[in-house]
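Right, one structure below, let's go through it.
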Amino acid sequence: MSPGELPEAGGLAYREAMPDGAPQGSPVLCLHGFPETSYMWNELLPAVAGAGHRCVAPDLPGSGRSPADPPNTWERLVEAVERFVVALELDPVVLVVHDWGGLIGLRWACEHPERVAAMVISDTGFFPDGRWSGMAEGLRTPGTGEEMLAGMNRESFGQLMAASSKGMDEKTVDEYWLSLATPEGQAAQLEMYRSGDMEKIAPYEGKLGEMTVPTLLLWGEDDPFAPVAGAHRFQREIPGAEIEIVPGSGHFVYADAPAQCAEAVAAFLASLS
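Under my numbering, read the sequence shown as residues 1134 to 1406, first letter to last.
Quick look at the structure:
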């Protein structure tokens, strides 16, 4: 495998960390959001392995080093997660999600509850009355979204990410830019957003709570896109869910406070044994 390449399973490139000894407990499956890739978990991966668990993080279709598989809709992305889990024989998993990874991963979890042993949910939504942010609505609007992405280059993208998170270094921006650097990648992201009608969540109402699996809600206190009120709503809807609000962190909580997030997830995993 040449530098920069990643292993592949189920059509998805992925990153993986293994403990020194035999893995303990369920494997941990991490699903990134937008405009992230599996690189967002770069500091969490070794922390999870250090806690004794196998940790796996795919680039979702059309992101990072995974090719798009049109149509790149929400439904197709859920199917891609299922193929990946089956290909690596992961279930049951501890599901760790952020942003769009939550919309995709929680929908997958509701459709395959037997495959989920526990959950860590961060800075996302899964509510049928949810509303997109102004930027997301722009991406969802035909014509406007194309103009937004076509007018962006690596430099302006880096400036946007730096303004969104204190943890966005140049390597991280380079990795995330892979998803938007080509017309095909841009089209895949727009297709994902435009398939994201929140009313599609209605059939899944109550199902996360019915799963009765241990759940940690790990949230940036100052998230402007998925405000912390969403964490408290998840806590009301998922019996027994724990909550940890990370002060001084925004939407990209794993970038803003990597050590605190890794410590919180490792402690949560330890509580499962």
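No residue lacks a Cβ here, since even glycine has one placed at the ideal position from N, Cα and C.
Please read all numbers here as calculations on a predicted model, not as lab measurements.
Would you identify the three-state DSSP class for I1378, choosing helix, strand or coil?
strand
N-terminal and C-terminal residue of the alpha helix (DSSP H) that Y1172 is part of
Unbroken run through Y1172: none, as it is neither H nor E.
Between the segment 1262-1273 and the segment 1320-1336, do three or more beta carbon pairs fall short of 8 angstroms?
Of all C-beta pairs linking the segment 1262-1273 to the segment 1320-1336, three or more are shorter than 8 angstroms, placing the two stretches in contact.
Backbone secondary structure at I1334 - three-state DSSP
helix
Minimum C-alpha distance to A1142 - residue among V1181, R1198 and E1279
R1198
Residue range of the unbroken beta strand (DSSP E) whose run includes S1404:
First-last for S1404: P1391 to L1405, but that is the alpha helix (DSSP H), not the beta strand (DSSP E).
So, helix, strand or coil for A1150, using DSSP?
strand
Rounded to whole angstroms, how far is the Cβ of W1174 from the Cβ of A1190, which I believe are closer than 8 angstroms?
4 angstroms
For V1161, three-class secondary structure by DSSP
strand
List in chain order: all unbroken beta strand (DSSP E) runs of 3+ residues lying wholly within the segment 1206-1281.
1226-1231 and 1249-1255
Kindly indicate which three-state DSSP category L1139 falls into: helix, strand or coil?
Coil at L1139, not helix or strand.
Buried versus exposed call for Q1322 [16 or more other C-beta atoms within 10 Å across all chains shown]
With 16 or more Cβ atoms within 10 Å of its Cβ, Q1322 is classed as buried.
Helix, strand or coil at M1134 according to DSSP, with G and I counted as helix:
With a pLDDT of 38 at M1134, under the threshold of 50, the modelled position of that residue is not reliable, and the figure given next carries that caveat. Of the three classes helix, strand and coil, the one that applies to M1134 here is coil, per DSSP.
Could you name the residues of the same chain whose beta carbon sits closer than 6 angstroms to that of M1134, not counting the 5 residues immediately before and after it, in chain order?
Its pLDDT being 38, under 50, M1134 is placed unreliably by the model, and the measurement read from it follows with that caveat. Result list for M1134: empty, nothing under 6 angstroms.
Quick check on the burial criterion: 16 or more other C-beta atoms within 10 angstroms. Buried or exposed for A1264?
Note on residue identity: the sequence assigns Arg, not Ala, to residue 1264. R1264 is exposed by the Cβ-count criterion.
Measuring only the C-alpha atoms, how far is F1401 from G1276?
Between F1401 and G1276, the C-alpha separation is close to 44 angstroms.
Let's test the definition: count the other Cβ atoms within 10 Å of the Cβ of S1287 and tell me whether it reaches 16, buried, or not, exposed.
Per the sequence shown, the amino acid found at residue 1287 is Arg instead of Ser. Its Cβ having fewer than 16 others within 10 Å, R1287 is exposed.
Between which two residues does the alpha helix (DSSP H) harbouring L1323 extend?
P1316 to R1327
Extent of the continuous beta strand (DSSP E) to which L1193 belongs
It is not in any beta strand (DSSP E) - L1193 carries neither H nor E in the DSSP assignment.
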